[in-house]
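This report refers to the structure that appears directly beneath it.
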Amino acid sequence: MTAPAAAWPATRLARALGIALPILQAPMAMAATPALAAAVSNAGALGALGSAMLPLPALAAEVAAVRAATSGGINLNFFCHPAPVAGAAAEAAAAAALAPHHVALGLPPPAPVLAPPVPGFDAGRLDWLLAHPPRVVSFHFGLPPGDAVARLKAAGSAVIATATTVAEARAVEAAGCDAVIAQGWEAGGHRGAFRLEPADRGVGLLALVPQVVDAVAIPVIAAGGIGDGRGIAAALMLGAEGVQLGTAFLSCPEAATAPAHRAVLAAATDCDTHLTAAYSGRPARARITAFGSAFQSAPVAGYPLPRELTRPLVAAAAARGIDDYAFHLYGQAAPLCRPLPAAALVARLAAETAAALSRS
Ligand SMILES: Cc1cc2nc3c(=O)[nH]c(=O)nc-3n(C[C@H](O)[C@H](O)[C@H](O)COP(=O)(O)O)c2cc1C
Numbered sequence: 001m002t003a004p005a006a007a008w009p010a011t012r013l014a015r016a017l018g019i020a021l022p023i024l025q026a027p028m029a030m031a032a033t034p035a036l037a038a039a040v041s042n043a044g045a046l047g048a049l050g051s052a053m054l055p056l057p058a059l060a061a062e063v064a065a066v067r068a069a070t071s072g073g074i075n076l077n078f079f080c081h082p083a084p085v086a087g088a089a090a091e092a093a094a095a096a097a098l099a100p101h102h103v104a105l106g107l108p109p110p111a112p113v114l115a116p117p118v119p120g121f122d123a124g125r126l127d128w129l130l131a132h133p134p135r136v137v138s139f140h141f142g143l144p145p146g147d148a149v150a151r152l153k154a155a156g157s158a159v160i161a162t163a164t165t166v167a168e169a170r171a172v173e174a175a176g177c178d179a180v181i182a183q184g185w186e187a188g189g190h191r192g193a194f195r196l197e198p199a200d201r202g203v204g205l206l207a208l209v210p211q212v213v214d215a216v217a218i219p220v221i222a223a224g225g226i227g228d229g230r231g232i233a234a235a236l237m238l239g240a241e242g243v244q245l246g247t248a249f250l251s252c253p254e255a256a257t258a259p260a261h262r263a264v265l266a267a268a269t270d271c272d273t274h275l276t277a278a279y280s281g282r283p284a285r286a287r288i289t290a291f292g293s294a295f296q297s298a299p300v301a302g303y304p305l306p307r308e309l310t311r312p313l314v315a316a317a318a319a320r321g322i323d324d325y326a327f328h329l330y331g332q333a334a335p336l337c338r339p340l341p342a343a344a345l346v347a348r349l350a351a352e353t354a355a356a357l358s359r360s
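Going by my numbering, the residue at position 239 of the sequence shown is 239; the numbering climbs one at a time, nothing skipped.
Written out as structure tokens, the structure reads:
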């Protein structure tokens, strides 16, 4: 296990989460694997599974794989969101919106999707976690109902959740969470916003972190656009006690990043992403595509039904090498990605941070 470099401040967060380095690998659904999580935790940071969309048996198998590979901690992540309102009229409208795209790709008309394949955070997942408490449980898109946070903490897990505004951070603290992830506008993947205003105004990380630090007493984890040790040091200077990096880990060989996604990351620029709700029904930062632009703020159905609705389009286009429908999630700091094994990346981040802090 890597020892924290001397220049790193000892943070409350590192103590609370039991980690040497206050660096969290983001729990990335479809991209974070047991091998990635274990390598990160073995390197002294905190590994996470992209567990939110896994059925329980698959979740249990992935957790067992991590536990076989590390005695370090693991962060399991879940989505808290309202169930989508699906019905015949909504289905017909969603299908009509997608129909021209199916015609363009020579596909049969879109098939109706009335229920998500995997529910959000539910009683079954809570019971499983209480029986097998991980070091950390994290929530995205909101907070669990009732006394779930208190019960998870009583079972021995630290609980953290994403906020994109000061008001959301206050709600995370009021729910009893141990720390809040302040996710900036730059972040790759889905916005964790849960108090969606008609127009999500999008606060950048440099503005968001110090305001959240001033607003809450719990430790703050900065996320979004951090690609190397300079970014980590800057976040610590702003008052964050730790950082969460997603995009930076997508290029690690242990991540389940598809070859086409890796190629896009290798050629990424600072301004080739946008936020679009087209693919899932919630705003997510992904590479700009014609399809993502067409439904950027007017999703074809409520989250997460579009994921199923658009899957045939995405798959057919990928098979034909057509880029216009690809859903490549990554953030604005993607050009800083380094295709290093996860342990080497964590060590590099730690050394860069220490160097940046010692210059300050
Ligand atoms: C491919 C990808 C998938 C993501 N999936 C999740 C997820 O399942 N749960 C979650 O809490 N955050 C998810 N995120 C968001 C991260 O937690 C984090 O906020 C973000 O990666 C930080 O910005 P960065 O990508 O610039 O480092 C995802 C991010 C990416 C890039």
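Ideal placement from N, C-alpha and C gives every residue a C-beta, glycine not left out.
For Ala342, the shortest C-beta to heavy atom distance toward ligand 1 is 8 angstroms or greater. Taken atom to atom, the span from the alpha-carbon of Val220 to that of Leu21 is near 15 angstroms. Checking the 8 angstroms criterion, the Cβ of Asn77 is within range of a heavy atom belonging to ligand 1. Placement of the Cβ of Ala356 at a distance of 8 angstroms or more from every heavy atom of ligand 1 is found.
For Gly242, the enclosing beta strand (DSSP E) has its first and last residue at 242 to 245. Every alpha helix (DSSP H) stretch that sits fully inside the stretch 189 to 276 and reaches 4 residues is listed by chain position as 205 to 215, 229 to 237, 247 to 250, 259 to 266. Residue state for Arg311 is assigned as helix, using DSSP reduced to three classes. Straight-line measurement puts the Cα of Thr247 at about 12 angstroms from the Cα of His190. Residue Pro119 holds the alpha-carbon nearest to the alpha-carbon of Pro84 among Pro119, Pro335, Leu59, Glu168. The DSSP-derived three-state label of His102 is helix. Taking a contact to require three or more Cβ pairs closer than 8 angstroms, the stretch 272 to 284 and the stretch 56 to 66 do not qualify as touching. For Gly331, the shortest C-beta to heavy atom distance toward ligand 1 is below 8 angstroms. Here His328 has His261, Val264, Ala286, Arg287 as same chain residues with Cβ atoms under 7 angstroms from its own Cβ, once five neighbours each way along the sequence are excluded. By the criterion of a C-beta distance shorter than 8 angstroms, Ala16 is surrounded in its chain by Ala158, Asp178, Ala179, Pro219, once the five residues flanking it on both sides are discounted. Taken through DSSP and simplified to helix, strand or coil, Val300 comes out as coil. If you draw a straight line from the Cα of Val136 to the Cα of Gly73, it is about 7 angstroms long. With a beta-carbon spacing of about 18 angstroms, Leu250 and Ala222 fall beyond the 8 angstroms limit used to define contacts. With respect to the 9 angstroms criterion, Ser138 and Phe194 are not classified as neighbours on the basis of their beta carbons.
Per DSSP, reduced to three states, the secondary structure at Ala155 is helical.
Restricting attention to Phe141, Ser41, His102, Ala31, the CA atom closest to the CA of Leu309 is found in His102.
In the three-state DSSP reduction, Val136 falls in the strand class (E or B). Residue state for Thr353 is assigned as helix, using DSSP reduced to three classes. When DSSP states are grouped into helix, strand and coil, Val180 belongs to the strand group. In the assembly as shown, Arg307 is a buried residue. Its beta-carbon has 16 or more other beta-carbons within 10 Å. For Arg287, DSSP records a beta bridge to Thr273. Excluding residues up to 5 positions away in sequence, Gln211, Val212, Ala215 lie with their Cβ nearer than 7 angstroms to the Cβ of Val166 in the same chain.
Spanning the alpha carbons of Pro335 and Ala266 requires a straight line of approximately 7 angstroms. Within the same chain, Cβ atoms closer than 6 angstroms to the Cβ of Val172 are found at Ala161, Ala163, Val180, the five residues on either side in sequence being excluded. If you check the C-beta of Ala278 against ligand 1, you find no heavy atom less than 8 angstroms away.
Residue side-chain check: Pro27 places its Cβ nearer than 8 angstroms to a non-hydrogen atom of ligand 1.
Rounded to the nearest whole angstrom, the CA to CA distance from Ala317 to Gly106 is 10 angstroms. For Leu56, the enclosing alpha helix (DSSP H) starts and ends at 56 to 69.
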